[in-house]
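Chemist: Following the numbering used here, the numbering of the sequence shown begins with 34 at its first residue and continues without gaps. Before I ask anything, let me first share the structure, which is written out below as structure tokens.
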Amino acid sequence: MIKQITNTWVIAAAVSLSFSYGAMAQEEGIQEPPSTTTAVAETAAVTYQCTLHEMTRRIEIEYANAGASVPCSVNYYKDTEQPGEVNTLWHASNVEGYCEERAEAFSQKLTSWGWSCTNP
Numbered sequence: 034m035i036k037q038i039t040n041t042w043v044i045a046a047a048v049s050l051s052f053s054y055g056a057m058a059q060e061e062g063i064q065e066p067p068s069t070t071t072a073v074a075e076t077a078a079v080t081y082q083c084t085l086h087e088m089t090r091r092i093e094i095e096y097a098n099a100g101a102s103v104p105c106s107v108n109y110y111k112d113t114e115q116p117g118e119v120n121t122l123w124h125a126s127n128v129e130g131y132c133e134e135r136a137e138a139f140s141q142k143l144t145s146w147g148w149s150c151t152n153p
């Protein structure tokens with residue numbers, strides 16, 4: 034859990050620095066460097082989008098290293114009720130396929146509770 038909080042803080046700092054630099058660059062006429070936030074968005078390779086009435090939930094698998102299935106985390110978002118908050122449900126350091134199995138099982142559990150889940 035501490036690792037996730039740390040990663041989230043680092044990601045937020047990178048986004049903040051990117052936007053701060055962008056504003057400063059515009060004032061000075063400097064071309065902005067490529068954004069580092071693109072790589073962050075690409076880490077969630079598996080996503081389940083679940084809806085019930087007007088509520089949206091999201092289950093994402095986050096991989097720590099590009100091209101490797103471990104370590105990984107299964108993150109759960111209540112996009113409608115708690116925007117921006119991340120709950121890490123499971124984490125695997127060595128067992129390949131664990132995060133994928135847990136994410137799929139959790140999406141099936143939400144479906145059994147009446148949610149409609151898709152894996153686009």
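Note that CB positions come from ideal geometry on N, CA and C, so glycine has one too.
Would a C-beta distance cut-off of 8 angstroms place ASN108 and GLU129 closer than the cut-off?
Modeler: no
Chemist: If you draw a straight line from the C-alpha of CYS83 to the C-alpha of THR89, how long is it?
Modeler: 6 angstroms
Chemist: On the CB-based measure, 16 or more other CB atoms within 10 Å of its CB, does HIS124 come out buried or exposed?
Modeler: Looking at its Cβ environment, which holds 16 or more other Cβ atoms inside 10 Å, HIS124 is buried.
Chemist: Suppose contacts are defined by Cβ-Cβ distances below 8 angstroms. Is SER140 in contact with CYS132 by that definition?
Modeler: Cβ distance not < 8 angstroms, so SER140 and CYS132 don't count as in contact.
Chemist: May I have the straight-line CA-CA distance separating GLU95 from THR113, to the nearest angstrom?
Modeler: 21 angstroms
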